[in-house]
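Asker: One structure is given below, represented as structure tokens, and several questions about it will come after.
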Amino acid sequence: MEKNGIKPAKIAMIFTALYILFYYLWIIIFKDNKSYLVIGGNFFQTVAPIIAGIWGLAHFKKINGKLKYFWLLSSTASICYAIGMFIYTVDQVFFGIVGAYAGISDIFWLLSIFVYMIALIFVNSIRNAPSKMVQFIFDIIIVMVVATSISWHFIIKPILNYSLDQGILYTIVYVSYPIGNLAILFAVLYLFYSSKNILSRKVFLLNIVGFSILLYANMIYMYLVVNNTYYTGSLYDPLWSLAILLLGLASFYSLEEAESVSTSIENLSPDGHLRDFLSIKLILPYLSVIIIFVFMIFSSSLELNSIVIGSILSTLLIIIRQVFTLVQNNGLLRQTQVLNKHLELIVDQRTNELYLKNQQLKETITKVEYIAYHDSLTLLTNRRGFEKQALLAIEEARYIQSALAIFFIDLDRFKFINDTLGHSVGDLLLKKVALILQENVGPGNIVSRQGGDEFMILLKNITKEETEYLAKKILTELENPINIHDNELFITSSIGISMYPKDGEHFDTLIKRADTSMYSAKEMGKNCYKFFDDSMDEHIETKVILETSLRKAFERNELMVYYQPKLDLHSNTIIGVEALLRWKHKKYGFISPTTFIPIAEEIGLIIRLGDWVLREACLQLKKWQNQSGTAFVVSVNVSTIQFLQKDFVKKVEMVLSETLLDPQYLELEITESTMMDTEEVVSILVQLKQLGIKISVDDFGSGYSSLSHIKKLPIDTLKIDKTFIEEIDSELNDVAIVSTIITLAKNLNLKVIAEGVENEMQLEILKDKGCDQIQGYYLSPPIPVHQFNESFLNKIESTVIFHHI
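Each residue of the sequence shown is one higher than the one before, starting from 0 at the first, in numbering that gives the first Met the number 0.
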């Protein structure tokens, strides 16, 4: 987060600079006032690590990954240093202890060194991959030999000589400081020479600089203490605060996860940083040797001491390092020569194989192009291939001024077959449909599978009359049964047609309008074709509005259940009702079920609607039973999709339990098309019958090959489709069909109900043929609850008063 446009890291950097500046100003201003120097020095030395610790802890909470624990350790070390300073200040102010001494403050200072060392070891341990340290191992050893020799000569040995008289505790404490510094130096060198660092560039640089300053400050302090030249207010004092603040500042640049950071000091940027770091790495061991030789030359003593020993050892290591490098380079040279010979052989071999490869490449490109533009199942042109060829055909038609036709074909019953009989059967069906379409359109035209059960056809140089003839032919061909695995499957199709240039001159427009026409064909009852006309765009817009409104119909309380009574022809009494869903839109009024039910199926809302009607019907029937004391049956339509849900039986059982309705008063109406997969349907029906629920087959006679299934199904009633009732009073064929259905039902011990009865003559014919029950506008249209209460509820189980019955 930025404050007033300035990044937090920049604010922290400015604070660090000002903090150290004020510290030096304090030393300069009060250099002659020892009391103020002590107070100010202790204050600055205490506050700096506290601030650095707070920064580290704050970022510890924000950073993800293992790297966050590095900041936890670093901030812990800062806090330890601050505690040591606080104890040291207390000893000075309250106990008057001054000068070098071994106390509790030393414990925390040494602890801070130890924790810093642990932090560095930890950050090296979480590296993404093991570092290649072989080429740098001598460099690290050389620098450590030089540092150890100088530390021994100027600090450790003088401490041992001086502190033994002060006691063993004093000796251990003060010797621990340079040893701890050397341990931190080794960890820093290992971090610096790692080939792949876990830290980002800025974090890495701030840590290297911070730890280097900290080591320098500690070593200078120990040297001054040993030589009795250290005094409070020294210009070296702010270096501790600077080092610790830099370590805290580094946390601002480390908000990424440790595992996601892959920046290495060898791969910083292409602008020169790589060369700079490599140069420092290569120069550092030589620079160390030069430094120790300078110390040896200016040393007045010629005796064998640590400086001389360090000079000798570091020189030997440099020589060994150079020998190792020469050996390594010779090995690399030999490997390069072998590789060159190997490459020459490979080039010769590749040259000989090039011709064959080119031929194979051409074949591969041809195969890839075919796959890219063809459907893998039917081998027809796919969407991309169809678009490519259609664009060329449109350009050709524009040039020769001819017409084109685009068919958008959707299989009406495919989803049901695919869901009930399985995808393998569905795939075989699609292949058969593809062959039928290809056989009918002839050569020169394009048949394409767009995906799922959608196909497209492009007809070139064709008239509207020829297009219409072909559409009728395809519809007829797809109506015929298709044999798959000795099963006759029946499908129909809906075809939308757009013409070039009448309906559009661009591919996208023609496709969209063919698609729109196809949906119009579906709404017309399916199994038909429709040419595009301008009114369809408005219709599609209305349909989109209805789709959106239907989703909100529940919340707006626009849905309701109407009830149509059923009459028993033997007793002339009302014996039940059928629950029918109605939708009253706030703008368009009552929407026909033939309009919104297909929409509900398309948008996946049909199951929710079906469940809602089932619950409402059961609740209402229970109310009627409690209100009138009578018991009759309520029939509820169940869609195929709803019926074939895995949890359908459990849903029905739950509704009966919640509404306290006796299952014998519930009748479920399934459509004839639901019985496609007899085994699955029988299993569900048996479970429903075991609950005590009645089953009715709705729209009987309108499906395909259903008679062979009826005898296998545990059902109670056949409901004759109203298309056979509409003209029963004038068509002898319809009378014969209805008579056959009634006879079939009687032989199977099933009841028969006729729907759509509208006049007395239809009623008399049905009575004469032995029909059990009727429903229709002659008796009553579907009506709301309050109207049913007024007209029928008090007449249930009594003789109906209609004079014409």
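From the three backbone atoms N, C-alpha and C, an ideal C-beta is built for every residue, glycine too.
1) Say yes only if the C-beta of E465 is nearer than 7 Å to one or more non-hydrogen atoms of the ligand FAD, and no if none qualify.
2) Please report the residue range of the alpha helix (DSSP H) in which R412 lies.
3) Whole angstroms is fine: what's the gap from C770's alpha carbon to S729's?
4) Can you say whether K718 is buried or exposed, counting buried as having 16 or more other CB atoms within 10 angstroms of its CB?
5) Are the CB atoms of I408 and I483 nearer to each other than 8 Å?
6) Between which two residues does the alpha helix (DSSP H) holding A578 run?
7) A257 to M12, Cα distance in whole Å?
8) For a minimum of 3 consecutive residues, which ranges assigned as the beta strand (DSSP E) are wholly contained in the region 379-412?
9) Tell me which residue opens and which closes the alpha helix (DSSP H) that A552 is part of.
10) Which partner residues of M498 appear in the DSSP bridge assignment?
11) Between which residues of its own chain and V654 is the CB-CB distance below 7 Å, once the five residues before and five after are set aside?
12) I need the boundaries of the beta strand (DSSP E) containing F454, first residue and last residue.
13) Looking at the secondary structure, which residues open and close the alpha helix (DSSP H) in which G775 lies?
14) Could you tell me which whole beta strand (DSSP E) segments of length 3 or greater appear in the region 504-568?
15) Report all residues from its chain with a CB closer than 8 Å to the CB of A520; omit the five preceding and five following residues, and keep chain order.
16) If the criterion is Cβ atoms closer than 8 Å, does the pair L248 and I19 meet it?
17) Within the region 599-664, note down every full alpha helix (DSSP H) run reaching 4 residues or more, in order along the chain.
18) With respect to the beta strand (DSSP E) encompassing F699, which residues constitute its N-terminal and C-terminal limits?
19) Name the two residues that bound the continuous alpha helix (DSSP H) containing G769.
20) Which residues share a DSSP beta bridge with N329?
21) What whole-angstrom Cβ distance do E666 and V632 have, given they're in contact under 8 Å?
22) When you compare the CB of I574 with every CB in chain C, is at least one pair closer than 8 Å?
23) Going by beta-carbon coordinates alone, are P157 and Y23 separated by less than 8 Å?
24) To the nearest angstrom, how far is it from the Cα of I694 to the Cα of V637?
25) Can you give me the C-alpha to C-alpha distance between T594 and S534, rounded to a whole angstrom?
26) Give me the Cα-Cα distance between Y777 and Q563, rounded to the nearest whole angstrom.
27) Check whether the region 466-486 and the region 501-519 are in contact - that is, three or more C-beta pairs closer than 8 Å.
28) Secondary structure at N32, three-state DSSP: helix, strand or coil?
29) What distance in whole Å lies between the Cβ atoms of S148 and I345, which are believed to be in contact at a cut-off of 8 Å?
30) Cutting at 6 Å between CB atoms, please list the residues of its own chain near W70, excluding the five before and the five after it.
31) Taking the alpha carbon of S570 as the point to measure from, which residue in F42, K766, S423 and Y215 has its own alpha carbon closest?
32) Using CA coordinates, which residue listed in I26, A47 and I38 is at the minimum distance from T15?
33) Could you check where the beta strand (DSSP E) with G854 kicks off and where it finishes?
34) Taking DSSP as the reference, what is the three-state secondary structure of S591?
Answerer: The short version:
1) The model depicted lacks the ligand FAD and carries no ligand whatsoever.
2) First-last for R412: undefined, no H or E at that position.
3) 18 Å
4) buried
5) no
6) Taken as a continuous stretch (DSSP letters only), A578 belongs to no alpha helix (DSSP H), being part of the beta strand (DSSP E) at T572 to H584.
7) Here A257 scores only 40 on pLDDT, less than 50, and its place in the model should not be relied on; the value that follows carries that caveat. Looking at the two C-alpha atoms, the distance is approximately 23 Å.
8) 403-410
9) Neither: A552 is in no alpha helix (DSSP H) and is coded neither H nor E.
10) A404
11) L613, R614 and C617
12) E453 to L458
13) Taken as a continuous stretch (DSSP letters only), G775 belongs to no alpha helix (DSSP H), as it is neither H nor E.
14) 528-530 and 558-567
15) S493, I494, G495, C527, Y528 and K529
16) no
17) 605-627, 639-642 and 647-658
18) K693 to F699
19) That residue, G769, is in no alpha helix (DSSP H); it is neither H nor E in DSSP.
20) Paired residues: none, contrary to the question.
21) 5 Å
22) Any reference to chain C falls outside this structure, which holds one protein chain only.
23) no
24) 11 Å
25) 17 Å
26) 11 Å
27) no
28) coil
29) 53 Å between Cβ atoms; not a contact.
30) G55, H58, F59 and S250
31) K766
32) A47
33) This structure cannot speak to residue 854, because the chain is shown only from 0 to 804.
34) coil
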